[in-house]
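Residue numbers (my numbering): 22 to 179. One structure is given here, and the rest of the page talks about it.
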Amino acid sequence: GPPSFDPADLPAAVEGPGPVIDLPLTVDGVDLRLTLVSMGNPHAIHYVQSDPAEFPLERIGPLVEHHPLFPKRVNFQVVQVLGPGEVRHRVWERGSGITLASGTSASAVAAASRLRGLTGDRIVDHMPGGDLILEWDGAGSVFMTGPAVRVFDAEWYT
């Protein structure tokens, strides 16, 4: 679907219509610069220079998720831009914690990265759970391509 950069769509307690880019937020002594995106669910994206695996996501993720700036909580992404067509990111998913991959997170990262001029229309997003290809031309929907993989088998008993 299409991204929204209006903070009211997250919602976020921010003045004005957006887009919100480089919003300063300090949590537990860590200075963040957030780009806000809604993909129908809320995302706060922080860009880093080094591998996102080095970022203290276990500590900072829940503090961002539950910050008063986000009255309905928020998903939090830590992103490293590797080049105009490639990013790497980790996600703290609201209500779940660290997840290996997320399609809406990858879509939000693609839209935010293009909006900021950090990437082009098409990117490969490397997440711990696998890679996705995302395309967004600056208008309309974000398109995502990736594998469908069986992760477990189960039987339902009633």
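All C-beta atoms, glycine included, are put in the ideal place defined by N, C-alpha and C.
Residue i versus the options, residue with shortest Cα-Cα distance
i	options	result
T125	Y68, G138, S162	S162
W113	G82, T47, H67	G82
S71	Q101, P45, N96	Q101
D158	K93, H88, A132, E86	A132
R11	V41, N96, A129	This structure cannot settle anything about residue 11, because the visible part of the chain is limited to 22 through 179.
R137	V172, L90, L44	L44
A33	F173, Y178, A175, L90	L90
R109	I154, D27, G37	I154
V69	R94, E36, L84, L103	L103
H88	W177, G39, V35, M60	V35
M165	G37, M60, L84	M60
Contacts around residue i, its chain only, beta-carbon distance under 7 angstroms, and the 5 residues preceding and following it disregarded
i	result
E107	I144, V145
Any non-hydrogen atom of the ligand MG closer than 7 angstroms to residue i Cβ
i	result
L57	Among the ligands in the structure shown, none appear at all, so the ligand MG cannot be discussed.
N- and C-terminal bounds of the alpha helix (DSSP H) containing residue i
i	result
V85	78 to 86
Close beta carbons around residue i, own chain, < 8 angstroms, minus the five adjacent residues each side
i	result
G151	L121, A122, G167, P168, V170
R111	P73, A74, F76, L78, Q98, V99, I119, M148, P149
G141	P105, G106, R135
N96	N62, P63, H64, A65, E86, V112, W113, E114, R115, S123, T125, S126, A129
K93	L31, P32, P63
N-terminal and C-terminal residue of the beta strand (DSSP E) that residue i is part of
i	result
F164	164 to 166
P45	44 to 48
Y178	Looking at the DSSP string, Y178 is not in any beta strand (DSSP E), and its letter there is neither H nor E.
V58	51 to 59
P28	Counting along the chain, P28 falls outside any beta strand (DSSP E), and DSSP gives it neither H nor E.
V172	Segment: none, V172 is in no beta strand (DSSP E) and carries neither H nor E.
P40	Looking at the DSSP string, P40 is not in any beta strand (DSSP E), and its letter there is neither H nor E.
L65	A quick correction: the sequence has Ala, not Leu, at residue 65. Its beta strand (DSSP E) spans residues 63 to 69.
Proximal residues to residue i (C-beta, below 6 angstroms), its chain only, five neighbours per side dropped
i	result
P23	G161, S162
S25	S59
Residue-level contact to chain D via CB, residue i, 8 angstroms cutoff
i	result
I144	Among the chains in the structure shown there is no chain D, since it carries only a single protein chain.
Query raised in the report: Which residue spans inside the stretch 100 to 154 form an unbroken alpha helix (DSSP H) run of at least 4?
Result: You should have 124 to 136.
Requested in this report: Decide if the stretch 71 to 81 is in contact with the stretch 45 to 60; the criterion is three or more beta carbon pairs, one per stretch, under 8 angstroms apart.
Outcome: These segments touch.
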